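Taken in order, these protein sequences are the chains called A, B, C and D. First residue of the first sequence? That's -15 in the numbering used here, and the numbers climb one at a time after it. First residue of the second sequence? That's -15 in the numbering used here, and the numbers climb one at a time after it. First residue of the third sequence? That's -15 in the numbering used here, and the numbers climb one at a time after it. First residue of the fourth sequence? That's -15 in the numbering used here, and the numbers climb one at a time after it. We put the beta carbon where it would ideally sit given N, CA and C, even for glycine. Remember, predicted model here, so these are calculated numbers, not experimental data. Working notes, structure below.
Number of protein chains: 4
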Amino acid sequence: MIRAGDRVVILLEDEETRLFAEVREGEVLTTHYGNLIMSSLAGMEYGSFVSLGFKGAYVLRPSFMDGILSLKRSTQIVYPKDIAFITLNLDVKDGDVVYEAGTGTGVMTSVFSRLVGSSGRVITYEKRSDFVMRARENVAALGKIERVTFFPEDIERCDEENVADSFFLDVPDPLAVMDRAVSILKGGGRICVLCPTTNQVQESIRLLGELNIVDIQMWEIMARNYKTNPDRLRPEDRMVGHTAFLIFGVKIKRRSRS
Amino acid sequence: MIRAGDRVVILLEDEETRLFAEVREGEVLTTHYGNLIMSSLAGMEYGSFVSLGFKGAYVLRPSFMDGILSLKRSTQIVYPKDIAFITLNLDVKDGDVVYEAGTGTGVMTSVFSRLVGSSGRVITYEKRSDFVMRARENVAALGKIERVTFFPEDIERCDEENVADSFFLDVPDPLAVMDRAVSILKGGGRICVLCPTTNQVQESIRLLGELNIVDIQMWEIMARNYKTNPDRLRPEDRMVGHTAFLIFGVKIKRRSRS
Amino acid sequence: MIRAGDRVVILLEDEETRLFAEVREGEVLTTHYGNLIMSSLAGMEYGSFVSLGFKGAYVLRPSFMDGILSLKRSTQIVYPKDIAFITLNLDVKDGDVVYEAGTGTGVMTSVFSRLVGSSGRVITYEKRSDFVMRARENVAALGKIERVTFFPEDIERCDEENVADSFFLDVPDPLAVMDRAVSILKGGGRICVLCPTTNQVQESIRLLGELNIVDIQMWEIMARNYKTNPDRLRPEDRMVGHTAFLIFGVKIKRRSRS
Amino acid sequence: MIRAGDRVVILLEDEETRLFAEVREGEVLTTHYGNLIMSSLAGMEYGSFVSLGFKGAYVLRPSFMDGILSLKRSTQIVYPKDIAFITLNLDVKDGDVVYEAGTGTGVMTSVFSRLVGSSGRVITYEKRSDFVMRARENVAALGKIERVTFFPEDIERCDEENVADSFFLDVPDPLAVMDRAVSILKGGGRICVLCPTTNQVQESIRLLGELNIVDIQMWEIMARNYKTNPDRLRPEDRMVGHTAFLIFGVKIKRRSRS
């Protein structure tokens, strides 16, 4: 049941317009079909249809994806197609300690905080303090902020060793802090480095190989969306061509001398 | 630290051969470098290097992905590129009730059981009882079996209504049970239907639209793997061209009459 | 050498702006760097740099692709990625007789007319007479119009049999005229049907199979463009996700009864 | 009509087996349906069905693509998806002078020789003389060998300047000969460099930019093949993930000093 204070998605009947709003006294949502008195939704079931003059709208519970799309962004966020593949390949699970640099908008921080369970921790570094402030709000809204520690500084300032089950590295210059990141990982821990360019991929792979990282893999995920008219099924005319290259590897205790 | 009874991944030094074995008295793993007495690994750190004559191997903690790849399979399993995208778009989270038909090899059952938390439930139907037996073993190994209820029968036999936060439908003939699946969903609940052919996609989308499902989206995920020689970076010559089309939608309470 | 009357491409020094113009007395091209007196280009070599105040531009010979991009269009044109693959798979060559329905903007008509040589013919049908008029202009500019016969009518009006080496079918409803198209083909002749939707592909493949067409293949071509900064190589953020599905087949004299 | 001496494609009735053979006295083709006396085909129409015991086969005219697939190869050949895109973007046409290094198996040499018309020329360099011998045979079979000049030496040995309308560069180390290749091009002429790795792409783009090449573009072509059962339409499970990156550019007379 929808309650006062809930954030909801209003999907107009055309199924193409998606609006975000809060169920609150005095809140009025303006749509191109007409206005919606938000407090009138309290007590309805999710999935209900509300009339807006001649047309209407569905009231839906925001998904995590809706949450991401409604965030105020500090930086380019990680795309959904990449988010899910990253968490699966980093093998983030109950009880894990996950390190991240940088925090950015806080999307991955939120994702990780939901996956580590009540006994897990997310430790995230971001040197831009304005980003950290906004990321805190975003993680409070989307994730489990009580499991997250924010450090408003460069990951270079962290002096931990062998503590992280996984490390997510998404900063403008990953090469500069990669040695530090690998040191923070436990033996057998996993790292993901996100790079936009092939030049950075090449250099990152080379350096990871020198830093006791094995089983290095690199993936690129392409998500293709279709128009869903069942009589005229076809892919959308335009698609996302590139977001980032995703590098994965596992830390070993020492490299063999062969 | 590695303990007796742990299952581990042995990654040979060439970084191309991956073996699965258990740390157990009397267990000997045969590799093309030489034999490994598995009990000798107890007490080592994960990520350690062990010598095997002239060459050696790394001892790694199996990831969830490793677990999937080492399963005994009853059916075609859902691919990693699709697994992660499905869970994100179904918005599976702590406390959720997830229904599934059919269970198959139990991979998605395992994935869902890890995501619903200790207060959530996964209810899975599979009419082939031989599949159910194997799926139980797989979920016991990979997931949280205490959160799962297995029904060795057709989803048509389920008479629940409005109970599921999400439904994952992956059966040979989804059209035959789609009405039942949608009834089991709560208002605002999410469904994912997995279809291998465009014919089945068209019919599924048409039927979903008649069954109070809105916000229908269809995605195809392509994952491209690269050779990771930093001096000769290039995509692999061959890639997976197709696994399945992924249809998503949200249940509403009633369809508008406009 | 550039001569009066030549059409040229003016590529501004930023390498992002591409303008089309004619070398002609009195013609002045306005650019955001300044004006260019077109007649001043006569006598220069192609590839020359001309000054435009503080900045400048390169004068290039228009390629066939430039020609296509500068056409006045009647309909959605076939994309370059598809054009080349179609002609290769239809095996269009010196001396061939190529039939086409419909003519549309005349892009494929132009392409075919260049490939059939002086002894070949292109016969093209288009029921919209306004399209035919514009297509004639386009083929005159881009192709070899003396090798082309235009029929301003539906392909159904053609009563030829067994005359075409290949047939290119690109009309809104290919099923309605497919029987006619196949009849026009010689034994061993090749057909290409261009379909935007999977529904139309399915029906076209089924009908082709009933109409003495064998070796049916279906392809989809994806062309991915990169940003060409050598220090930051990466694919473009957005790409074309879909244009059309390309079906190919070969006509046999009669179908076996097995 | 099929004549003695013709090379034909025998497509078995299952439509999956494709055999190449010559119509010649005494030639017998062994198939898994039974034997075919090749001389018996003389006088038949292309597209005819011939009986082979209980099953049969279609007799088809080999396409240029069939020809490519039946070649004896010296090197990795350029894929069809790339061939067509290259010729379109190099704008090869009647009367052109096309330079190529290296000749390799002679596939692109054949393609170019068919496109330049009777007044055009293809000049091709290949330092491995064993490749040249085989390439001659291949061009004789597939192309117009009378329009081709073969040089069994490194392109560095060529001392022409400003003569080529286009240059196709496909050698193991393109950087070593790029300066020479660009010198051979006319102002306004077009170059295509084929590179398998991103490292080579980066270096090639950088050097092309220093060598008076503008309008540099880089493309990657992905061709996706479908299973053509009209009741179960779906992409093939596996596809080609990578062949080569295709770089294109245009030569200018001199670079601006801005």
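Assigned secondary structure, Thr59 of chain A (DSSP; H/G/I helix, E/B strand, else coil): coil
Sub-8 Å separation of Ile70 of chain A and Phe152 of chain A beta-carbons: yes
Own chain residues within Cβ distance below 8 Å of Phe115 of chain A, not counting five before or after: Ser58, Thr59, Gly86, Thr87, Gly88, Thr89
Option in B:Gly104, B:Gly101, B:Ser103, B:Arg120 with minimal Cα separation from Glu110 of chain B: B:Arg120
Proximal residues of chain C, C-beta to C-beta of Thr250 of chain D below 9 Å: Within the shown structure, residues of chain D are numbered from -15 to 242, placing residue 250 of chain D beyond reach of any answer.
Host beta strand (DSSP E) of Asn26 of chain B (start-end): Here residue 26 of chain B turns out to be Ala, not Asn, going by the sequence shown. Element bounds for Ala26 of chain B: n/a, residue is neither H nor E.
Integer Cβ distance of Val106 of chain B from Arg131 of chain B, believed to fall under 8 Å: 6 Å
Option nearest Asn196 of chain C by Cα separation, candidates C:Met206, C:Glu204, C:Gly233: C:Gly233
Closer than 8 Å at the beta carbon, the chain B residues around Gln201 of chain C: Chain B residues near Gln201 of chain C: none, gap ~14 Å exceeds 8 Å.
Local conformation of Phe256 of chain C per DSSP, three classes: In the structure as shown, chain C begins at -15 and stops at 242. Residue 256 of chain C is therefore absent and cannot be evaluated.
Per-residue DSSP class, three states only, for Glu194 of chain C: helix
Completely contained beta strand (DSSP E) runs for the segment 83 to 144 of chain A, where each covers 3 or more residues: 105 to 109, 132 to 135
Touching by the beta-carbon criterion (3+ pairs, under 8 Å), the segment 183 to 195 of chain D and the segment 145 to 164 of chain D: yes
Residue-chain proximity (Ser240 of chain A, chain D), Cβ-Cβ < 8 Å: At Ser240 of chain A the pLDDT is 43, less than 50, meaning the model places this residue with poor confidence; the figure from the coordinates comes in the next sentence. Closer than 8 Å: no.
Where the segment 77 to 105 of chain C meets chain A: residues whose CB sits under 9 Å from a CB there: none
Buried/exposed call for Phe134 of chain C, threshold 16 Cβ in 10 Å: buried
Contacts of Phe224 of chain B in chain D (Cβ-Cβ under 9 Å): Strictly speaking, residue 224 of chain B in this sequence is Val, with Phe absent from that position. Those are Asp221, Arg222, Met223, Gly225, listed as they occur along chain D.
Proximity of Gly7 of chain A and Ser23 of chain A at Cβ, strictly below 8 Å: Note that residue 7 of chain A is Val in the sequence shown here, rather than Gly. Cβ atoms of Val7 of chain A and Ser23 of chain A: closer than 8 Å.
Chain D within 8 Å of Arg208 of chain B, Cβ atoms only: yes
Test item: CB-CB of Tyr17 of chain B and Leu(-4) of chain B under 8 Å: yes
Chain-order list of residues whose beta-carbon lies under 6 Å from that of Leu25 of chain D (same chain, five-residue window excluded): Ile(-14), Val7, Val43
Terminal residues of the alpha helix (DSSP H) in which Ile168 of chain D lies: 158 to 168
Boundaries (first-last residue) of the alpha helix (DSSP H) holding Asn73 of chain D: 64 to 74
Alpha-carbon spacing of Val95 of chain B relative to Gly127 of chain B, whole angstroms: 7 Å
Partners in chain D for Val198 of chain C, counting only beta-carbon separations shorter than 8 Å: Leu(-5), Glu(-1), Tyr42
Selection from A:Leu230, A:Val76, A:Glu140 that minimises the alpha carbon distance to Arg176 of chain A: The question names Arg, yet the displayed sequence has Cys at residue 176 of chain A. Measuring from the Cα of Cys176 of chain A, the nearest candidate turns out to be A:Leu230.
Anticipated Cβ contact below 8 Å, Val185 of chain B with Lys170 of chain B, distance rounded: So it is not a contact: roughly 25 Å between Cβ atoms.
Coil, strand or helix - Val155 of chain D by DSSP: coil
Contact with chain A by Gln60 of chain D, beta-carbon distance below 8 Å: no
Residues near Ser32 of chain B by beta carbon distance below 6 Å, same chain, minus five either side: Val43
Contacts that Ile204 of chain B makes with chain A (C-beta to C-beta distance below 9 Å): One point to set straight first is that residue 204 of chain B is Glu, not Ile, in the sequence displayed. In chain order: Met206, Ala207, Arg208, Asn209, Tyr210, Pro219.
Inter-residue Cα distance where the pair is Met49 of chain C and Ala125 of chain C: 12 Å
Min CB distance Ser32 of chain C to chain D below 8 Å: yes
Distance, Arg218 of chain B Cα to Arg190 of chain A Cα: 14 Å
Supposed contact pair Glu11 of chain B and Ala5 of chain B - C-beta distance, whole angstroms, cut 8 Å: 7 Å
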